[in-house]
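The structure under discussion appears below in the form of structure tokens.
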Ligand SMILES: [Zn+2]
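In full-length UniProt numbering, the protein residues as written are 1 to 193.
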């Protein structure tokens, strides 16, 4: 039988999967995985806290309070279903040329990029190429907090201002008409600047 290489991440995941639906504080899991890792590999588990935080960031764990995390198999199941798989993510990035569709910044400009759901997951948005868009961290954050139309309106306000600066009459008029459409349909009328 082939001996499987055990990673620190595997050990953490194994522990949580053996203890589902329970609030587990760091001080419970950390010494155990460190001991287990030492026993299995003879090496020192470098930074379990960081590994746990990473699992949380990846959506594998739910944070209950500071240093306390919870593994819920149902949460993972629902979540994974609507997440972009690696192949779709790559297709989204490639279609958008690895640049944020709003500011056109990407890794070349030192910006991290994200595959974002145009229609959010919690509103039934599917994990398909057509529902994906590339956003930089900054615009991904704005999108998560403001939603798609709001993001669009803010973008056109910004574009309008820069068109005024450069005296681009055509672009000024275009932006103005788009912004008028927001008003016409009563979308995001609370945003004025
Ligand atoms: Zn951006």
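Quick reminder that beta carbons are idealized off the backbone N, C-alpha and C, glycines included.
The set of residues with CB atoms less than 7 angstroms from any heavy atom of ligand 1 reads, in chain order, 100, 102, 103, 105, 111, 135, 136, 138, 139.
Rounded to the nearest whole angstrom, the C-alpha separation of residue 40 and residue 102 is 48 angstroms.
A residue is called buried when at least 16 other Cβ atoms come within 10 angstroms of its Cβ; residue 141 does not meet this threshold and is exposed. Contact between residue 88 and residue 135 fails: their C-beta atoms lie close to 15 angstroms from each other, not under 8 angstroms. Under the 10 Å beta carbon count, residue 33 is surrounded by 16 or more other beta carbons and is classified as buried. About 23 angstroms separates the beta carbons of residue 51 and residue 84, which is beyond the 8 angstroms limit, so they are not a contact pair. If you keep only unbroken beta strand (DSSP E) runs of at least 3 residues inside the stretch 71 to 129, you get 113 to 117. Here residue 41 carries a helix assignment [DSSP, helix/strand/coil].
If you ignore the 5 residues before and after residue 22, its C-beta comes within less than 8 angstroms of the C-beta of 70, 71, all in its own chain and listed in chain order. Residue 60 and residue 157 have their C-alpha atoms roughly 38 angstroms apart.
Note that the stretch 170 to 189 touches the stretch 143 to 156; at least 3 beta-carbon pairs, one per stretch, sit closer than 8 angstroms. In the DSSP assignment, residue 23 falls within the unbroken beta strand (DSSP E) covering 23 to 25.
Setting aside the 5 residues that flank it on each side, residue 125 is surrounded in the same chain by 82, 117, 118, 119, 131, each with a C-beta closer than 8 angstroms to its C-beta; the list follows chain order. Beta-bridge partners of residue 135 (DSSP): 114. For residue 157, the enclosing alpha helix (DSSP H) covers residues 148 to 165. Just so you know, the alpha carbons of residue 10 and residue 62 end up roughly 18 angstroms apart.
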